[in-house]
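Structure, as structure tokens:
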Amino acid sequence: MCGISGYLNFSEQPAKVETLERMIQKLNHRGPDNCQTYINKNFCLGHTRLSIIDLSDNGNQPMESLCTNYVVSFNGEIYNFKDLRMELKKLGYRFQSTSDTEVLLNSYIEWGKKSLTKFNGMFTFVIWDKKKRELFVARDRYGIKPLYYYIDKERIIFASEIKSILESKFFKSSLDKEGLIEYMTFQNFFTDKTLFSNIKTFKPGCYYTIKNNSLFKETQYWDFDFCEKNNLKKNEIIVQTEKLLDNAIKNQLVSDTPINSYLSGGIDSGYIATKAKTYLSNLCTFTIGFDLSSANGIELYYDERKKAERMSYLLGTEHYEMIVKSGDMQKCLTHFTYHLEEPRVGQSYPNYYAAKLASKFGKVVLSGIGGDEIFGGYPWRYFYTNKNLEFDQFVDNYFTKWQRLLPQKDLKLLFEPIKNDYKNFCAKEIFKKVLIKKQKKILTPTDCINLSMYFESKTFLPGLLIVEDKLSMSHSLETRVPFLDNKLVDFVLKIPSKMNLNKKFTNKIQENSLSQKKILRSRGGKLILREVFKKQLNDKVLQNDKQGFSSPDASWFRGESLKYVKNVVENDYKKYKDLINVNFLKKKVLEHLSGKNNYRLFIWSILYINEFLKCYFKRLASK
Numbered sequence: 209m210c211g212i213s214g215y216l217n218f219s220e221q222p223a224k225v226e227t228l229e230r231m232i233q234k235l236n237h238r239g240p241d242n243c244q245t246y247i248n249k250n251f252c253l254g255h256t257r258l259s260i261i262d263l264s265d266n267g268n269q270p271m272e273s274l275c276t277n278y279v280v281s282f283n284g285e286i287y288n289f290k291d292l293r294m295e296l297k298k299l300g301y302r303f304q305s306t307s308d309t310e311v312l313l314n315s316y317i318e319w320g321k322k323s324l325t326k327f328n329g330m331f332t333f334v335i336w337d338k339k340k341r342e343l344f345v346a347r348d349r350y351g352i353k354p355l356y357y358y359i360d361k362e363r364i365i366f367a368s369e370i371k372s373i374l375e376s377k378f379f380k381s382s383l384d385k386e387g388l389i390e391y392m393t394f395q396n397f398f399t400d401k402t403l404f405s406n407i408k409t410f411k412p413g414c415y416y417t418i419k420n421n422s423l424f425k426e427t428q429y430w431d432f433d434f435c436e437k438n439n440l441k442k443n444e445i446i447v448q449t450e451k452l453l454d455n456a457i458k459n460q461l462v463s464d465t466p467i468n469s470y471l472s473g474g475i476d477s478g479y480i481a482t483k484a485k486t487y488l489s490n491l492c493t494f495t496i497g498f499d500l501s502s503a504n505g506i507e508l509y510y511d512e513r514k515k516a517e518r519m520s521y522l523l524g525t526e527h528y529e530m531i532v533k534s535g536d537m538q539k540c541l542t543h544f545t546y547h548l549e550e551p552r553v554g555q556s557y558p559n560y561y562a563a564k565l566a567s568k569f570g571k572v573v574l575s576g577i578g579g580d581e582i583f584g585g586y587p588w589r590y591f592y593t594n595k596n597l598e599f600d601q602f603v604d605n606y607f608t609k610w611q612r613l614l615p616q617k618d619l620k621l622l623f624e625p626i627k628n629d630y631k632n633f634c635a636k637e638i639f640k641k642v643l644i645k646k647q648k649k650i651l652t653p654t655d656c657i658n659l660s661m662y663f664e665s666k667t668f669l670p671g672l673l674i675v676e677d678k679l680s681m682s683h684s685l686e687t688r689v690p691f692l693d694n695k696l697v698d699f700v701l702k703i704p705s706k707m708n709l710n711k712k713f714t715n716k717i718q719e720n721s722l723s724q725k726k727i728l729r730s731r732g733g734k735l736i737l738r739e740v741f742k743k744q745l746n747d748k749v750l751q752n753d754k755q756g757f758s759s760p761d762a763s764w765f766r767g768e769s770l771k772y773v774k775n776v777v778e779n780d781y782k783k784y785k786d787l788i789n790v791n792f793l794k795k796k797v798l799e800h801l802s803g804k805n806n807y808r809l810f811i812w813s814i815l816y817i818n819e820f821l822k823c824y825f826k827r828l829a830s831k
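Residue numbering for the sequence shown follows the numbering used here, beginning at 209 and increasing consecutively.
Here is the structure:
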């Protein structure tokens, strides 16, 4: 895995190596094995490398084509690069390395933008065409690898992480207050915004051509389509799913360094580890457990170490565990926030510790991310109705029930001091815009389910992937996600929803509530995948209910972490009275601490935002 950084001056003003070197140094954790720069007049490109395929210097980047007209910086893996290499050789291309980077570059030279449909992998890449003086940027279908940019009349600046763009010092960033409200509405970003004004994300499944600020063109080349076009019988679907999933795992084992796997105790990571072990003689597996001594209610079931240990025993893996305790959140929060930059879904610090553990044993780890999204793993979030609906009716109903943090009326009170700064913000319109490309005049009950699954794949999944990338790369670790193999995804999206979902578990949307949280421990989704898993590892202990990877924070916030939470709310936030209604904040937090409501996700977000402001925007503190 790697780090990309660079900029293009739209004038003829030469790029400065000092600026580029300063920017790329901020990405050393993403690629500690090599760092190189490239400058061509008004364009510059930097790259930090985590060597995984072709460990020699021949694989270093930025990489120049043999014809010297093209230069590439690529972050990711192209798993079918050997097949593409053979195809290109037949067309007369020569290679100086055994890397997938050179295959990607030559593929672009031969097929241009059409090469994107040939790549099966995870990627963000930037290609500079010296003759055309044109920049080509692309991200993979799902957004596994991130890339950010800032653009004005003078230049475009881009990097794998925001901190690198800030280090250019070409502009002074400020807190994007609409972005803050967007995050506090969805605990995620549904647009291309970040918490930094004028810094945006290049979108997944899109490519961009850039010459100057007036020639910045965005094109979408792929999108999710839950279309229910598969007419195969259930047994045939199970067999084909198993075949495609096995091929996906096998293909993602290509590496010149050891590969290991997360093992949570669930069926997603469990199946990946099961198949990986059949191809790898040595496989290390990793599990994060939780100290539940002060937990209560549903949180008593959050520790899955016993299930993971059982699975490791059956597979014969070399297994390692780490126990996260209540105080571990605040211990890592400063480093965590610096690397994550923008908060996303859930209280994700356990992922930080998982990556820290895995990084001690290698550079590559397999993860089960993506299984829930494509196989229907969130039945309580999907909107189901027994009648046909108009599109706007569906949006109204779905938006009302879909909620992560606080209701809109509470958010208005919480951020009352900055109400004029986000007066044009409309949560429902942002929500609707995600779905608009799949709009139909009349939606059947099945359409409603599929549109809900589309929504989760377009919003929740990219959030998970951002978190996974940032936190793994903070430890110089590459995460691979076999469930997001192109051929597998294309097949699964066509499976009728009734084969994957038990509809009685739908419409339980509110995840903040402990009573509703029980729905997380259901077997309402991923029915096809459960059948595939059962064929491989039929063990009663492992026939698990669906359970999210979450720490028992609701209990910890009322117990061991109580003093920390109160200190942040009562002392730290008084510095931000120009940003937030501190009295209202105290009221909401008190409702959680007293047991009146469960605001665990909200409190986590508040803790993160406080640390974020201290890390990146100290000047916002009121004097």
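Idealized CB from N, CA, C, for every residue including glycine.
Inter-residue spacing [alpha-carbon to alpha-carbon] between residue i and residue j
i, j, result
"D780", "K371", "24 Å"
"W430", "R349", "6 Å"
"Q724", "S323", "At Q724 the pLDDT is 43, less than 50, meaning the model places this residue with poor confidence and gives no usable figure here."
"K411", "G351", "7 Å"
"F424", "G578", "31 Å"
"A762", "M681", "28 Å"
"K595", "K649", "14 Å"
"Y470", "L574", "6 Å"
"E512", "D433", "33 Å"
"F218", "K338", "14 Å"
"N248", "L263", "26 Å"
"D698", "G329", "14 Å"
"G211", "L453", "29 Å"
"E581", "R589", "11 Å"
"L440", "I475", "24 Å"
"T227", "I365", "11 Å"
"K645", "N420", "28 Å"
"R738", "K609", "28 Å"
"I717", "N396", "Its pLDDT being 48, under 50, I717 is placed unreliably in this model, and the coordinates cannot settle the point."
"L809", "D291", "45 Å"
"D400", "L235", "22 Å"
Reference residue i; option with closest CA among the options
i, options, result
"T332", "N314, A367 and T306", "A367"
"E362", "S273, S472 and F251", "F251"
"K515", "E778, F494 and Q395", "F494"
"D499", "C492, K437 and Y510", "Y510"
"G254", "R347, V225 and D241", "V225"
"S381", "E426, K408, N710 and F398", "K408"
"E799", "G671, G214, K774 and K822", "K774"
"I703", "N438, L770, R518 and E664", "N438"
"L701", "Q221, G671 and S660", "S660"
Contact under 8 Å by Cβ, residue i with residue j
i, j, result
"V797", "I817", "no"
"L787", "L815", "no"
"V334", "L313", "no"
"K620", "V642", "no"
"I209", "R238", "According to the sequence provided, residue 209 is Met. The question's Ile does not apply to it. Yes, the pair counts as a contact, with Cβ atoms nearer than the cut-off."
"G585", "E768", "no"
"W319", "Y278", "no"
"L194", "N708", "A query on residue 194 cannot be resolved here, the shown segment of the chain reaching from 209 to 831 and no further."
"E778", "L541", "no"
"L801", "F765", "yes"
"G803", "P587", "no"
"K782", "V790", "yes"
"G284", "K353", "yes"
"L491", "A503", "no"
"T427", "F344", "no"
"K571", "E686", "yes"
Review point. Which runs of the alpha helix (DSSP H) fall wholly inside the segment 473 to 518 and span at least 4 residues, in chain order?
Key: Uninterrupted alpha helix (DSSP H) stretches at least 4 residues long and entirely within the segment 473 to 518 occur at 475 to 487, given in chain order.
Exercise for review: Pick out the complete beta strand (DSSP E) segments inside the segment 414 to 458, 3 residues or longer, and give them in chain order.
Suggested key: DSSP runs (the beta strand (DSSP E)) wholly in the segment 414 to 458: 414 to 418 and 424 to 428.
Exercise for review: State whether the segment 304 to 322 contacts the segment 264 to 272, with contact taken as three or more CB pairs (one from each stretch) at a distance under 8 Å.
Suggested key: With the cut-off at 8 Å, the segment 304 to 322 and the segment 264 to 272 touch.
Check your understanding: If we count Cβ pairs, one from each stretch, closer than 8 Å, do we get three or more for the segment 536 to 554 versus the segment 668 to 678?
Key -> Because the criterion of three Cβ pairs below 8 Å is met, the segment 536 to 554 and the segment 668 to 678 touch.
Point to revise | Runs of alpha helix (DSSP H) lying entirely within the segment 577 to 650, each at least 4 residues, in chain order | key: Listed in chain order, the complete alpha helix (DSSP H) runs (minimum 4 residues) inside the segment 577 to 650 are 579 to 583, 599 to 609, 616 to 622 and 635 to 643.
**Study point:** Residue ranges of each beta strand (DSSP E) within the segment 378 to 409, 3 or longer
**Key:** Those beta strand (DSSP E) runs which fall completely within the segment 378 to 409 and span 3+ residues are 407 to 409.
Check your understanding: Is it true that the segment 484 to 494 meets the segment 510 to 527, where meeting means three or more beta-carbon pairs spaced less than 8 Å apart?
Key -> These segments touch.
Exercise for review: Scan the segment 313 to 347 and note each continuous alpha helix (DSSP H) run of 4 residues or more that stays entirely inside, going in chain order.
Suggested key: You should have found no qualifying run.
**Study point:** beta strand (DSSP E) runs wholly inside the segment 268 to 318, at least 3 long, in chain order
**Key:** Taking only runs of at least 3 residues, the beta strand (DSSP E) segments lying wholly in the segment 268 to 318 are 278 to 286.
Check your understanding: On the three-pair Cβ rule with 8 Å, is the segment 442 to 457 touching the segment 687 to 697?
Key -> Yes, they touch.
Exercise for review: Please confirm if the segment 530 to 550 is in contact with the segment 560 to 568, defined as three or more CB-CB distances below 8 Å between the two stretches.
Suggested key: The way I'd put it, the segment 530 to 550 does touch the segment 560 to 568; three or more beta-carbon pairs between them come closer than 8 Å.
Exercise for review: Count the CB pairs spanning the segment 375 to 391 and the segment 617 to 635 that are closer than 8 Å, and state whether there are at least three.
Suggested key: Segments in contact, yes.
Exercise for review: Inspect the CB distances between the segment 681 to 690 and the segment 630 to 639 and report whether three or more fall short of 8 Å.
Suggested key: With the cut-off at 8 Å, the segment 681 to 690 and the segment 630 to 639 do not touch.
Check your understanding: Considering only residues of the segment 667 to 711, which uninterrupted alpha helix (DSSP H) runs meet the minimum length of 4 residues and lie entirely inside it, listed in chain order?
Key -> DSSP runs (the alpha helix (DSSP H)) wholly in the segment 667 to 711: 694 to 700 and 705 to 708.
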